[in-house]
Amino acid sequence: MSEQLRDRDRLVEELIEVGRDAVGRGLVLASAGNLSARISDREFVVTASGTWLDRLTPADFAVLSLDASVSGDAALGGPRPSSEWKLHHRAYLARPDAECVLHLHPRTAVVLASVGTPIRRLTLDHAYYLGEIAVVPFYHNGTDELADTAAEALRDHNCVVMQHHGCSVVADTVQMAYRRALNLEDAAQATALAVQLGDTTTAFPEDGATHA
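At position 176 of the sequence shown (counting the first as 1) the number is 176 in full-length UniProt numbering, and the numbers step up by one without a gap.
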């Protein structure tokens, strides 16, 4: 078995575990959301259309090309890719350093972004893993407008929340991407609690975002 194939199998297994855990935590429901990982300089795998993230198998991943034109078909093999494949394709083009893109639907983060309440980083983990959180307006799923707008935000951010829709996070590993997704929703829940307590300004100190 080639090294590239072994890496692909390992990445798929990591994405399968992330999908299972994300559904268990309520970060995505039913067949919503999609996951991907870069498997070479020119290819990535992404979950197939209609798949439930807690029921994924290795057969549920399509292989797509990063060399495809902006509006062209990127599919190289496997099942039909998620309708959101462009969201991943554009993210990898915008972020050559990204090895994983996770698109989930974290409820609190999406609600806060949709009603115009900024998600605040209140803990050390929020500050360390998230950085500044981008928010972009609503565009219909699967559209070039959604993919291009989210990708542009990801040029300078690791997390973007799409109003009335979901989030995309990028990282150099699957595990780091998932840490960011988890911390995004945790920051949103902490922000919502702070607002309920009457606080609208407290945030983590700007000079304190280091990790032991």
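By construction, the Cβ of each residue, glycine as well, lies at the ideal position given by its N, Cα and C atoms. Here the structure is a predicted model, which means the values were calculated and not measured.
So what does DSSP say about N158, is it helix, strand or coil?
-> Start at 1 with the first residue of the sequence shown, and residue 158 comes out as number 158. Annotated three-state conformation of N158 is coil, per DSSP.
Same chain, Cβ closer than 7 Å to S71, neighbours up to 5 away in sequence not counted | Residue numbering aside, residue 71 sits at position 71 when the sequence shown is read from its first letter. Confidence in S71 is poor, its pLDDT being 40 and thus under 50, which makes the residue's placement too unreliable to answer from.
Mapping DSSP to helix, strand and coil, what is N34?
-> One-based indexing of the sequence shown puts residue 34 at position 34. If DSSP states are grouped into helix, strand and coil, N34 belongs with the strands.
Status (buried if at least 16 other CB within 10 Å, exposed otherwise) for G24 = Within the sequence shown, numbered from 1, the residue matching residue 24 stands at position 24. G24 is exposed by the Cβ-count criterion.
What are the partner residues of E145, as DSSP defines its beta bridges?
-> Taking the sequence shown and counting its residues from 1, the one referred to as residue 145 is at position 145. Answer is none; E145 lacks a bridge partner.
Just reading off the beta strand (DSSP E) that L64 is part of, what are its end residues?
-> Counting from one through the sequence shown, the residue named residue 64 turns up at place 64. Counting along the chain, the beta strand (DSSP E) containing L64 begins and ends at F61 to S65.
Between the CA atoms of F204 and R20 - distance to the nearest angstrom = Working through the sequence shown from its first residue, we reach residue 20 at position 20. Working through the sequence shown from its first residue, we reach residue 204 at position 204. Each residue's alpha carbon lies about 31 Å from the other.
Can you tell me which of the three DSSP states G198 falls into?
-> Within the sequence shown, residue 198 is the residue found at index 198, counting from 1. The answer is coil: DSSP assigns G198 none of H, G, I, E or B.
Are three or more beta carbon pairs between the stretch 127-142 and the stretch 193-202 nearer than 8 Å?
-> no
Taking buried to mean at least 16 other C-beta atoms within 10 Å of its own C-beta, is G33 buried or exposed?
-> Taking the sequence shown and counting its residues from 1, one reaches residue 33 at position 33. So G33 counts as buried.
Rounded Cβ spacing between Y92 and F44 (contact assumed at less than 8 Å) | Here residue 92 refers to the residue found at position 92 when the sequence shown is read from its first residue. Here residue 44 refers to the residue found at position 44 when the sequence shown is read from its first residue. Indeed they touch by this definition, with Cβ atoms about 6 Å apart.
Tell me which same chain residues have a C-beta within less than 7 Å of the C-beta of W52, skipping the five on either side of it?
-> What you label residue 52 is simply residue 52 of the sequence shown in a count that begins at 1. Answer for W52: A30 and S31, listed in chain order.
Are the beta-carbon atoms of G142 and L104 separated by less than 9 Å?
-> For the purposes of this step, residue 142 is taken as residue 142 along the sequence shown, with counting starting at 1. For the purposes of this step, residue 104 is taken as residue 104 along the sequence shown, with counting starting at 1. Going by C-beta atoms, G142 is not nearer than 9 Å to L104.
Alpha carbon to alpha carbon, how far is V115 from I16? Give it in angstroms, no decimals.
-> Here the question's residue 16 lines up with position 16 in the sequence shown. Here the question's residue 115 lines up with position 115 in the sequence shown. So the two alpha carbons sit approximately 32 Å from each other.
Just tell me which of N183, E84, P81 and A94 has its CA closest to the CA of R120.
-> The residue given as residue 120 occupies position 120 in the sequence shown. Closest by alpha carbon: N183.
Can you have a look at A59 and say buried or exposed, based on whether 16 or more other CB atoms are within 10 angstroms of its CB?
-> As a first step, residue 59 must be located in the sequence shown, where it is residue number 59. Exposed, by the Cβ-count rule.
Measure the C-alpha to C-alpha separation of V110 and T200 and round it to an integer number of angstroms.
-> The count along the sequence shown starts at 1 and reaches residue 110 at position 110. The count along the sequence shown starts at 1 and reaches residue 200 at position 200. Answer to the nearest angstrom: the Cα atoms are 18 Å apart.
Counting along the chain, where does the beta strand (DSSP E) carrying H103 start and finish?
-> The sequence position of residue 103 within the sequence shown is 103, counting from 1. Taken as a continuous stretch (DSSP letters only), the beta strand (DSSP E) holding H103 covers C100 to L104.
With DSSP collapsed to three states, give me the class of D151.
-> Looking up residue 151 in the sequence shown gives position 151. One point to set straight first is that residue 151 is Ala, not Asp, in the sequence displayed. Correct three-state label for A151: helix.
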